[in-house]
Amino acid sequence: MNARRAAPLLALVLVTGCGEEAPTDPVSIEDVRTAEAPPPAPEPVDMEGPAWPEDAALRAEAPGRLDAIERAVTLTWPEATDDVAVTAYSVRLDGLETARVDAPATETRLEAVAFEAARTFAVVALDGAGNESSAIETRDALSPWLANATEVDATLSGDMATLTWPAALDDGEVTAYVIHRGDEEIESLSPRQRRYQFRHRQDDPLLTVYAQDAAGHNAVIASSRQVDVLVAQRAVEQMLIGALGTNDGALADVLAADRWDSSEVMAEAEGVGVARRSGGGLGTIRQGGGGGISDLGGGGGGALTQGLGGLTATSATPRPSPRGRVTLGSQEGESGSGVFDPAIVARQLRARLSAVRACYERQLTTDPTTLGRVVLEITIGVGGSVSQATAPENTTGSDAVAECVVSVARRLRFDPGPEGGSVTYRYPYVFAPAS
């Protein structure tokens, strides 16, 4: 009886235990996906601008001097760095962006920049996020120049030569005058030292005086060529004095004068002035054909032939009406990297004065009141040819007169040409009707 009752009770217990399930936490499909792909971390923001090397400097180079003439300026700078990448460089003139250069280029050329006063050039490095570096800048783009190169003086005593020169000008600051013998620097002078003495021998390498500014630009302002010219002039003086004799010769008196510029003797120009002395009748000197010198206009007429292949004095031939006077003024500027003697340029220009005067006198037939001045800017290349000639100033009111001056200059040839680079000079022509 007891055994029968126990069996159903056991079955009930077994059935109840099998029907229960173990408790579990519910997990969705979305939860599984999220666990497999966590959200990406936010990208870092570039807040740091490019940086320059510690000694970074901007270099600007342009020809000429402070004036209103527009010219090209070349800018170069070092490469900047960035924590990501430098993408471009902003080029600025007087605070305004004038160009943008894509990296990795570190050079550009600005066209048509005038220099009435010193200009401020700056470069700023940029990255892809628009961050900027500090600016590197310069206000010195021009090489030093002389306001009047004819003030350079050369003297010679025995074999000791002395060069003296006026203070050079610059859009920045002249820091030194550097002396070279050939390609070797032999001495550096302070800006206040503008005199140099040296032993001069014809076979020595060329001695050159450079004016140097704070930006490292330099330009030739004097050289031993000027002493060579002085030696040649003395030889010509002695030759002419010997040919004419020393007894009361008017030309001998002129050549022997302390302040007379003997380079005029070598000029081929018509109208080289010779002072008229009391009791003398000397007019003008011109170099004639066959090595002779002709047209010494005597007050009483007549002719004189003596030595040097025939030295002839005759009365001057009257000029046709209308007549005009053309004068080549003193040099007003010099620039460039080459070495050349400006006295050679002046002689060549004076030698063509008759052609310029002919143009001017044609203009006088149209307008007899035409007068004023034309400034010639002439650039001579290493080969001796004229690479550029312009008339940046013309107050005559006649384009034809200015074009004539430029045309005559373009046909000039200098042999040998400048050494070490081109040179640029400025000379004024002054025009006035003859009284």
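Heads up: take any position in the sequence shown, counting from 1, add 20, and you land on this note's numbering.
Every residue gets a Cβ at the ideal spot worked out from N, C-alpha and C, and that includes glycine.
Hey, could you find the ends of the alpha helix (DSSP H) residue i is sitting in?
{"i": "E423", "result": "D419 to R430"}
{"i": "A363", "result": "P362 to A371"}
Out of the options, state which residue places its alpha-carbon closest to the alpha-carbon of residue i.
{"i": "G404", "options": "Q368, P388, Y109 and V376", "result": "Q368"}
{"i": "G440", "options": "Q408, I400 and A452", "result": "I400"}
{"i": "T11", "options": "A125, R446, P124 and Y109", "result": "Residue numbering for the chain in the displayed model covers 21 to 455; residue 11 lies beyond these limits and cannot be assessed."}
{"i": "H200", "options": "S244, A132, D223 and G192", "result": "S244"}
{"i": "A196", "options": "A239, R431 and R345", "result": "A239"}
{"i": "R212", "options": "A366, V198, N151 and P436", "result": "V198"}
{"i": "E193", "options": "P225, P164 and T415", "result": "P164"}
{"i": "V133", "options": "D203, P83, V421 and R91", "result": "R91"}
{"i": "A76", "options": "W97, L86 and A88", "result": "W97"}
{"i": "Q351", "options": "R343, L396 and V111", "result": "L396"}
{"i": "C7", "options": "A452, P362 and A366", "result": "The requested residue 7 does not occur in the structure, where the chain is confined to residues 21 to 455."}
{"i": "T170", "options": "V406, I241 and R129", "result": "I241"}
{"i": "L166", "options": "N151, S418, G150 and T184", "result": "T184"}
{"i": "A422", "options": "A375, P436 and I206", "result": "A375"}
{"i": "V365", "options": "Q383, V394, I398 and R377", "result": "I398"}
{"i": "D435", "options": "V450, E413, E381 and F360", "result": "F360"}
{"i": "T410", "options": "S427, V104 and A420", "result": "S427"}
{"i": "R112", "options": "R139, D173, V104 and E204", "result": "R139"}
{"i": "A105", "options": "A145, R221 and A61", "result": "A145"}
{"i": "T182", "options": "Q217, G392, S210 and A88", "result": "Q217"}
Going by DSSP, what residue range makes up the beta strand (DSSP E) through residue i?
{"i": "Q408", "result": "V406 to N414"}
{"i": "E397", "result": "G392 to I400"}
{"i": "R222", "result": "For clarity, residue 222 is Gln in the given sequence; the question names Arg instead. Careful: Q222 lies outside any beta strand (DSSP E) and carries neither H nor E."}
{"i": "P448", "result": "V443 to P453"}
{"i": "D87", "result": "D87 to T96"}
{"i": "H200", "result": "V194 to R201"}
{"i": "L113", "result": "V106 to L113"}
{"i": "L209", "result": "E204 to L209"}
{"i": "E117", "result": "L116 to D122"}
{"i": "S357", "result": "First-last for S357: undefined, no H or E at that position."}
{"i": "G344", "result": "G344 to L348"}
{"i": "D233", "result": "L227 to D233"}
{"i": "A80", "result": "R79 to E81"}
{"i": "A242", "result": "N238 to S243"}
Of all the CB atoms in chain C, is at least one closer than 8 Å to the CB of residue i?
{"i": "A452", "result": "Of the protein chains in the structure, only one exists, and it is not chain C."}
Report the CB separation of residue i from residue j in whole angstroms; it is logged as a contact under 8 Å.
{"i": "R345", "j": "A454", "result": "5 Å"}
{"i": "D66", "j": "D122", "result": "So it is not a contact: roughly 19 Å between Cβ atoms."}
{"i": "T390", "j": "T416", "result": "6 Å"}
{"i": "G353", "j": "S442", "result": "G353 to S442, Cβ: 14 Å. No contact."}
{"i": "T107", "j": "A71", "result": "About 14 Å separates the two Cβ atoms, so there is no contact after all."}
{"i": "A363", "j": "V256", "result": "In fact, because the Cβ distance is near 13 Å, the residues do not count as touching under 8 Å."}
{"i": "L348", "j": "Y447", "result": "6 Å"}
{"i": "G236", "j": "L162", "result": "So it is not a contact: roughly 12 Å between Cβ atoms."}
{"i": "E136", "j": "L86", "result": "7 Å"}
{"i": "E152", "j": "T126", "result": "With 8 Å as the limit, E152 and T126 do not qualify as a contact, their Cβ atoms being about 17 Å apart."}
{"i": "E6", "j": "V394", "result": "With the chain covering only 21 through 455, there is no way to say anything about residue 6."}
| query | Counting Cβ pairs closer than 8 Å, one from the stretch 171 to 182 and one from the stretch 148 to 160, do we hit at least three? | reply | no
| query | In chain order, which alpha helix (DSSP H) runs of at least 4 residues are fully inside the stretch 126 to 181? | reply | none
| query | Should the stretch 143 to 157 be regarded as contacting the stretch 221 to 236, the criterion being three or more beta carbon pairs within less than 8 Å? | reply | no
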